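Here is the structure we will look at.
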Amino acid sequence: MSYATLIRQIEAGEGLGFVEARALGAALLDGGVPELETAAFLVAFNQHDPGLDAWLGLHAALAERLPDFVAPAGPFRTVVLPTYHGVRTHPHLTPLLALLLKSFGIPVLIHGVLEGGGGTAAAYVLRELGVMPCSTAAQVNAALQDEGIAFAPVALLSPGLAALLALRGRLGIDGWVTRLAALADVLGERSVRVTPVISGVEMAPTRAVLEALGGHALLLQGCEGEAFADPLQRPDMVLVQDGLGQSVYEAQSTSSVLANLPEMDTRATGAWTDQVMRDHLPLPLPIRNQLAVCLFAAGYTEDLNQARAITAINGFGRVAA
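The sequence shown: position 81 = 400 (the numbering used here), numbered continuously.
Shown next as structure tokens:
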């Protein structure tokens, strides 16, 4: 494999085939590519989407290196929430979404970074709420089974992926590494992957990848790239089931909830989350909508309308105002 040739190929917008992308992904994740060339690949992939076959190859390489996480037995699929960005202009509401799902008996696995890169990481808010990172796969499986929620740091999920993310931070770029992390199928068919993208232009190619992979996933333009819907501006949401995607919500402004959101502070966000969970504060409508889709996708209800009705009355009945 000539790294220089592949870099030029990607920079020219020619894309990669499944086999060569899988081999390249394996080399990158195993630390087999020199740092200079690794940095060049990160930049090249950020400049040009490598194409569907390449994404499937990179995904396959990562899947072969994931630990043996096990979804709990039971009637519901586990919802998987990736968190690979720090938020800077919004409170971090991934922990809220996770706790809401848990309150319905839906197991939740969160995986991602421990630091916010200058912003607020979900890990900070989770710590305020008593959810600590696991250090082994056995701890993850036990927490899912016993507590219904677990947080797996990316270094546990994939040391190679953690190294690529660290280099990404040094280069000051974002893009395909976090998209690959968000696509990670950490629990297989017994799960629902919430898959956020940073910008709207990433929706169509990421939808194509999710449809090709099959399984169950919720695709959305995440708030600052995170796995929760912007509480002020509901994004488009696409539900993928067994390889077929359908739009379940369209973008809509809900700026009237602004006064109800917490300050940009980890402790304030944790306290606000606790108040929402106690139904002392209203749940922002976009999060309510996302919760309904997740409940349906996890198998809690037989149809989406039923999930919408339940989320309107089951402890979160106030209309956000």
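Quick reminder that beta carbons are idealized off the backbone N, C-alpha and C, glycines included. This structure is a prediction, so every number in the text was calculated from the model and none was measured.
Range of the contiguous alpha helix (DSSP H) that encloses residue i
{"i": "residue 391", "result": "That residue, residue 391, is in no alpha helix (DSSP H); it is neither H nor E in DSSP."}
{"i": "residue 378", "result": "371 to 382"}
{"i": "residue 438", "result": "Careful: residue 438 lies outside any alpha helix (DSSP H) and carries neither H nor E."}
{"i": "residue 368", "result": "Element bounds for residue 368: n/a, residue is neither H nor E."}
{"i": "residue 465", "result": "456 to 465"}
{"i": "residue 570", "result": "Residue 570 -> no alpha helix (DSSP H), and no H or E assigned at all."}
{"i": "residue 348", "result": "337 to 348"}
{"i": "residue 623", "result": "623 to 632"}
Cβ separation of residue i and residue j, assumed to be a contact under 8 Å, to the nearest whole Å
{"i": "residue 362", "j": "residue 402", "result": "At roughly 24 Å, the Cβ-Cβ gap does not stay under 8 Å, so residue 362 and residue 402 are not in contact."}
{"i": "residue 441", "j": "residue 414", "result": "6 Å"}
{"i": "residue 394", "j": "residue 618", "result": "6 Å"}
{"i": "residue 348", "j": "residue 380", "result": "6 Å"}
{"i": "residue 376", "j": "residue 424", "result": "So it is not a contact: roughly 37 Å between Cβ atoms."}
{"i": "residue 643", "j": "residue 360", "result": "Any answer about residue 643 is impossible in this case: the structure gives the chain only from 320 up to 640."}
{"i": "residue 410", "j": "residue 522", "result": "With 8 Å as the limit, residue 410 and residue 522 do not qualify as a contact, their Cβ atoms being about 24 Å apart."}
{"i": "residue 524", "j": "residue 603", "result": "28 Å between Cβ atoms; not a contact."}
{"i": "residue 454", "j": "residue 385", "result": "Not confirmed; about 16 Å, so no contact."}
{"i": "residue 528", "j": "residue 371", "result": "6 Å"}
Collapsed DSSP secondary structure at residue i in the structure displayed
{"i": "residue 597", "result": "coil"}
{"i": "residue 518", "result": "coil"}
{"i": "residue 492", "result": "coil"}
{"i": "residue 425", "result": "coil"}
{"i": "residue 564", "result": "strand"}
{"i": "residue 402", "result": "strand"}
{"i": "residue 407", "result": "coil"}
{"i": "residue 450", "result": "coil"}
{"i": "residue 637", "result": "Because the pLDDT at residue 637 is just 40, under 50, the model does not fix this residue reliably, and the value given afterwards should be weighed accordingly. DSSP places residue 637 in coil when its eight states are reduced to three."}
{"i": "residue 513", "result": "strand"}
{"i": "residue 334", "result": "coil"}
{"i": "residue 618", "result": "coil"}
{"i": "residue 351", "result": "coil"}
Pair within 9 Å by beta-carbon distance, residue i and residue j
{"i": "residue 332", "j": "residue 373", "result": "no"}
{"i": "residue 500", "j": "residue 430", "result": "yes"}
{"i": "residue 536", "j": "residue 616", "result": "yes"}
{"i": "residue 436", "j": "residue 405", "result": "yes"}
{"i": "residue 591", "j": "residue 581", "result": "yes"}
{"i": "residue 512", "j": "residue 399", "result": "yes"}
{"i": "residue 438", "j": "residue 543", "result": "yes"}
{"i": "residue 610", "j": "residue 558", "result": "no"}
{"i": "residue 496", "j": "residue 428", "result": "no"}
{"i": "residue 507", "j": "residue 534", "result": "yes"}
{"i": "residue 630", "j": "residue 412", "result": "no"}
Residue span of the beta strand (DSSP E) that contains residue i, given as start and end
{"i": "residue 472", "result": "468 to 472"}
Within-9 Å CB hit, residue i to chain D
{"i": "residue 344", "result": "Structure shown: chain D not included; a single protein chain is present."}
Notebook entry, point to check: What runs of the alpha helix (DSSP H), each 4 residues or longer, lie entirely inside the segment 527 to 563?
Noted result: As far as the segment 527 to 563 is concerned, it has no whole alpha helix (DSSP H) run of at least 4 residues.
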